[in-house]
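**Student:** My questions will all concern the structure given below.
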Amino acid sequence: TGERYAWGEDLQPNGKWMANIYQGDFPVAGADTGADGFVGISPVAQYPANPYGLFDVAGNVWEWCADWYRHDYYATLAANYRVARNPKGPTEPYDPAEPQERKRVHRGGSFLCTDKYCTRYMLGSRGKGEGSTGSNHCGFRCVKVP
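If you read the sequence shown in my numbering, its first letter stands for residue 52, the second for the next number, and so on.
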């Protein structure tokens, strides 16, 4: 979309929270003020949908994606002048920091992300994670294909 956030350029347009993210001094236990209406995970669809009709594409819980994580995937596409529309990701994962781990892309950030520490709820941001790692701030989106 060319915007910073899924809803536009401002974190709080007209003073309104658009996603469940952390407000307060992170990582101090109990410091999330809940100014967005929630401390911790919020129920789905508590904030407006994006222009595609999807809820919670930013904040709340990280979205565990089908794409394998490879640290140099997009740089390799660019270096080879391959512009991909809806890239499917690499065929194999690779993270030089932990080459033995088979990681998938995470995106969207979570309720633990804050504008002072982790801005992973911004559109261009990606995270990574290994599938057997459990956490209370990572989930997945079910998709119905017609």
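Just so it is clear, CB atoms sit at the ideal spot from N, CA and C, and this is done for glycine as well.
Computed from a prediction, not measured in an experiment: that's the story for all the values here.
(1) What are the boundary residues of the beta strand (DSSP E) that Ala148 is part of?
(2) Please classify Tyr168: does DSSP put it in a helix, a strand, or coil?
(3) Per the DSSP calculation, Val108 is bridged to which residue(s)?
(4) Taking buried to mean at least 16 other C-beta atoms within 10 Å of its own C-beta, is Thr142 buried or exposed?
(5) Please list, in chain order, all residues of the same chain as Phe191 whose beta carbon is under 6 Å from its beta carbon, the five residues on each side excluded.
(6) Is there contact here, the stretch 128-139 with the stretch 148-164, by at least three beta-carbon pairs under 8 Å?
(7) Check Gly85 in the structure and name its three-state DSSP category.
(8) For Ala57, count the other beta carbons within 10 Å of its own beta carbon; 16 or more makes it buried, fewer makes it exposed. Which is it?
(9) For Ala205, which option in Pro138, Ala100, Tyr172 and Leu105 has the closest C-alpha, if you only look at C-alpha atoms?
(10) Locate the beta strand (DSSP E) running through Ala117, then write down its first and last residues.
(11) For Val95, which of Pro102, Tyr120 and Val108 has the nearest alpha-carbon?
(12) Going by Cα to Cα distance, which pick from Val112, Ser176 and Tyr103 is closest to Asn187?
(13) Which word fits Thr127, buried or exposed, when buried means at least 16 other C-beta atoms lie within 10 angstroms of its C-beta?
(14) Does the distance from the CB of Gln97 to the CB of Ala86 come in under 8 Å?
**Tutor:** So, from the listed chains and residues:
(1) No beta strand (DSSP E) holds Ala148; DSSP gives it neither H nor E.
(2) coil
(3) Per DSSP, none; premise fails for Val108.
(4) exposed
(5) Trp115
(6) no
(7) coil
(8) buried
(9) This structure does not reach residue 205, given that the chain is present from 52 up to 197, and the question cannot be answered.
(10) Trp113 to Trp119
(11) Val108
(12) Val112
(13) exposed
(14) no
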